[in-house]
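Structure first, commentary second.
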Amino acid sequence: MAAAAGGLRLMEGLRPPAAAPPVQLGNQPAVQPGRSATRNPFAASGSQKSRSLTDTHSHPDHPPSPDDQVLSSISPAAACPCVPVAEHRPARLHGYHRDFRLRMTHGRGSPEAPGLMLALTGGGSCRGVALRLPPQNLRAELLLIWRREMLTGVYVPRWVALATPGERVWALAFVANKRSERYIPRPDEATAAEYLRTGRGALGTCAVYLDKTVQDLRAWGLHDRRLERLHRRVFAQAEPGE
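Per our numbering, the sequence shown starts with residue 53, numbered consecutively.
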């Protein structure tokens, strides 16, 4: 579960297989449940991304029906992804939490005014929104998601389980790549708030990104305590007109 820019999380099927299959990422080692590949092939080329999607989706232990493909997002701000969505439902992910762990120097940041982006990182839990994709043009839609999420190598794929109302679902989550040069250890709130207050780039400001995330979480009845505290800090310090 993550935000656009921190992102979408692909789930395979509405019910998990009896045992989680390893995921072969092109020429990379298989990704076992709860483990990640040692390096990220998705930042390389479109053909590698396509092959990685094929390897993941065609594994023999993949649930037999292709009709139920679900995404989850750690922020409802990402609940309107670049693909059609057939169903939204609340979900909880255990073992990961959302936090601002990726330094941004493009998009809503720049080398002169870097910002922070949300990502999933280990520990705790978080609530978000699960999104089911319709079966039409499924591969093309999934490839769009993979191209978007794996564009810069800041994520790695991991199999995870999500709790949704009435059932658990098996998920392939794209979580923060701790080997990325953009990954940062957990910043204290004063430091994070300063990055979010001052970060700006070609797509706008980090303050707007934070506000949109918090407002959309609230609209779904979700209250992330750390994000709420950061929101209070950033907008208490905001200059007139920001």
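Just so it is clear, CB atoms sit at the ideal spot from N, CA and C, and this is done for glycine as well.
| said: Could you pull the DSSP bridge partners for Arg-141 from this structure? | reply: Working through the sequence shown from its first residue, we reach residue 141 at position 89. Beta-bridge pairing links Arg-141 to Ala-182.
| Could you give the C-beta distance for Ala-165 and Gly-251, rounded to a whole number, given that I count them as a contact under 8 angstroms? | What you label residue 165 is simply residue 113 of the sequence shown in a count that begins at 1. What you label residue 251 is simply residue 199 of the sequence shown in a count that begins at 1. Ala-165 to Gly-251, Cβ: 6 angstroms. Contact.
| If Gly-174 and Gly-205 are in contact, beta carbons under 8 angstroms, what's the gap, nearest whole angstrom? | For the purposes of this step, residue 174 is identified with residue 122 of the sequence shown, where counting begins at 1. For the purposes of this step, residue 205 is identified with residue 153 of the sequence shown, where counting begins at 1. Not quite, the Cβ-Cβ distance comes to about 18 angstroms (not below 8 angstroms), so this is no contact.
| query | Can you name the residues that DSSP bridges to Pro-187? | reply | The residue you call residue 187 lines up with position 135 of the sequence shown. Under the DSSP definition of a beta bridge, Pro-187 lacks any partner.
| message | Taking DSSP's pairing of strands, which residues face Glu-219 in a bridge? | response | Position 167 of the sequence shown, counted from the first residue, corresponds to residue 219. Beta-bridge partners of Glu-219 (DSSP): Thr-216.
| task | Label Ala-182 either buried or exposed according to how many other C-beta atoms from any shown protein chain fall within 10 Å of its C-beta, with 16 as the threshold for buried. | result | Indexing the sequence shown from 1 puts residue 182 at position 130. Buried: at least 16 other Cβ atoms inside 10 Å.
| request: For Leu-262, collect the residues of the same chain with a Cβ closer than 8 angstroms to its Cβ; drop the 5 residues on either side in sequence, then sort them by chain order. | output: Here the question's residue 262 lines up with position 210 in the sequence shown. Sequence-distant partners of Leu-262 (beyond 5 residues in either direction) whose C-beta falls short of 8 angstroms from its own C-beta, in its chain, are Leu-248, Leu-279, Leu-282, His-283 and Val-286.
| message | For Ala-288 and Glu-246, what's the separation of their Cα atoms in angstroms? | response | Residue numbering aside, residue 288 sits at position 236 when the sequence shown is read from its first letter. Residue numbering aside, residue 246 sits at position 194 when the sequence shown is read from its first letter. Answer to the nearest angstrom: the Cα atoms are 11 angstroms apart.
| request: Mind reading off the beta-carbon distance from Tyr-207 to Ala-223? Whole number of angstroms is fine, and I expect it under 8 angstroms. | output: By one-based count along the sequence shown, residue 207 stands at place 155. By one-based count along the sequence shown, residue 223 stands at place 171. Rounded, the Cβ-Cβ distance is 14 angstroms, inconsistent with contact.
| Rounded to a whole number of angstroms, what is the C-alpha to C-alpha distance between Gly-159 and Leu-255? | For the purposes of this step, residue 159 is taken as the residue at position 107 of the sequence shown. For the purposes of this step, residue 255 is taken as the residue at position 203 of the sequence shown. Those two C-alpha atoms are separated by around 5 angstroms.
| Three-pair Cβ contact test at 8 angstroms for the segment 228 to 244 versus the segment 142 to 157 | Yes: at least three Cβ pairs fall under 8 angstroms.
| Paired residues, beta bridge with Gly-174 - DSSP | Taking the first residue of the sequence shown as 1, we reach residue 174 at position 122. Note: Gly-174 sits in a beta bridge opposite Tyr-148.
| request: State buried or exposed for Glu-219, treating a residue as buried only when at least 16 other CB atoms are found within 10 Å of its CB. | output: Locating residue 219 in the sequence shown gives position 167, where the first residue counts as 1. Exposed is the call here.
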